[in-house]
Amino acid sequence: MILAQITDLHVRPHGMAAMRACETNMLTERGLRAVRAFRPKVGAVMITGDLAANGLDSEYRELAAMLRRTIDVPVYVIPGNHDRREGIKTELRHLPGVGDDAEFVHYSVDDLPVRLVMLDTLVPAAPHGELCARRLGWLDATLAAAPHKPTIIGMHHPPFLCGIRHMDGIILRDSDAFIAVIAKHRQVQRILCGHHHRAITAPVAHAIASIAPSVAHQVELDLFSDNPGLWNLEPAAFQLHVWLEQPGIIVSHTAYVEQYPGPYPFFADPV
Ligand SMILES: [Fe+2]
Numbered sequence: 001m002i003l004a005q006i007t008d009l010h011v012r013p014h015g016m017a018a019m020r021a022c023e024t025n026m027l028t029e030r031g032l033r034a035v036r037a038f039r040p041k042v043g044a045v046m047i048t049g050d051l052a053a054n055g056l057d058s059e060y061r062e063l064a065a066m067l068r069r070t071i072d073v074p075v076y077v078i079p080g081n082h083d084r085r086e087g088i089k090t091e092l093r094h095l096p097g098v099g100d101d102a103e104f105v106h107y108s109v110d111d112l113p114v115r116l117v118m119l120d121t122l123v124p125a126a127p128h129g130e131l132c133a134r135r136l137g138w139l140d141a142t143l144a145a146a147p148h149k150p151t152i153i154g155m156h157h158p159p160f161l162c163g164i165r166h167m168d169g170i171i172l173r174d175s176d177a178f179i180a181v182i183a184k185h186r187q188v189q190r191i192l193c194g195h196h197h198r199a200i201t202a203p204v205a206h207a208i209a210s211i212a213p214s215v216a217h218q219v220e221l222d223l224f225s226d227n228p229g230l231w232n233l234e235p236a237a238f239q240l241h242v243w244l245e246q247p248g249i250i251v252s253h254t255a256y257v258e259q260y261p262g263p264y265p266f267f268a269d270p271v
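If you read the sequence shown in the numbering used here, its first letter stands for residue 1, the second for the next number, and so on.
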């Protein structure tokens, strides 16, 4: 099974750019088309938050239309800090799991070779994330229900620091409590996040946690400085998480949306 992860789309109302200069709708549609064109065909698509730029119903309607004309496999979404649960539950209610819980957008996907547990780390109108006691309890009980099935967690806010300080200030605030829950459940192999608009990997308990690049704009790689955050248009990308039945592991590849020179054949150069 190949699971495509795209993240941080920041979709705007039809015809509008994000931050006055970033054509996130065009970039998102190009990303979705690249996912659709990939062979072998992906089995499912996970979108790890910041679906919309401002949580507007019109932004979710625009995304719904884009998904309808590009993706013909199941799409699993969760909210990011730019999202609004009500908008997702209204305009994207046709997507699996979105309506499973009356309050949060969290659910599990049990009909794939790898189980997906999709978390809602949103704190309304705040940039940081949090899993309150109810959501942590739901996570613990959901993981306890299938202790032997390899599992991927999907969540927007990463539960680890990375050195980009303006982003480190807005990660998952109760990450210690989250990590304590994960440590109890050995079947969790991977924790897939968004939020930072860069490819980043770190250990979390016994699992590998990672952040995927955005299909739209990226965040400047600015380590250990106190400069304000900046964005750029480094290559848009998505990730492909591949379940290898033997030896029972998930390997991850980064794929670029745009085309680059090549491919060329390998030749031995004259010595
Ligand atoms: Fe984002």
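By construction, the Cβ of each residue, glycine as well, lies at the ideal position given by its N, Cα and C atoms.
- Relative to ligand 1, the beta carbon of D8 is positioned inside 6 Å of a heavy atom.
- A direct Cα-to-Cα measurement between K89 and L192 gives close to 22 Å.
- Relative to ligand 1, the nearest heavy atom lies less than 6 Å away from the CB of D50.
- When the Cα atoms are used, P147 and T121 turn out to be separated by approximately 23 Å.
- By the neighbour-count criterion, in which 16 or more other beta carbons inside 10 Å mark a residue as buried, G87 falls on the buried side.
- Below 8 Å, enough C-beta pairs join the region 167 to 186 and the region 199 to 209 to call them touching: three or more.
- Going by beta carbons, I250 and Q189 fall inside the 7 Å limit.
- Taking a cut-off of 8 Å for Cβ pairs, the region 48 to 65 and the region 6 to 20 touch, as three or more such pairs fall below it.
- As a beta-bridge residue in DSSP terms, V11 pairs with A52.
- Check the Cα spacing between A65 and each of H14, A102, R84 and I78: the tightest is with H14.
- Excluding the 5 residues flanking it on each side, R61 has same chain C-beta neighbours closer than 7 Å at E91, in chain order.
- By the Cβ-count criterion, Y264 is exposed, with fewer than 16 other Cβ atoms from all chains shown falling within 10 Å of its own Cβ.
- In the structure shown, V181 falls within a helical segment according to DSSP collapsed to helix, strand and coil.
- Contact check between the region 142 to 159 and the region 112 to 129: three or more CB pairs, one atom from each, fall below 8 Å, which counts as touching.
- In the DSSP annotation of this structure, Y260 is not part of any alpha helix (DSSP H), being labelled neither H nor E.
- The residue from I200, L161, D226 and M1 with its alpha-carbon nearest to that of A44 is M1.
- Looking at I211, D140, A199 and E130, the one whose alpha-carbon comes closest to that of L172 is E130.
- Counting C-beta pairs closer than 8 Å gives three or more between the region 160 to 171 and the region 193 to 200, which meets the contact rule.
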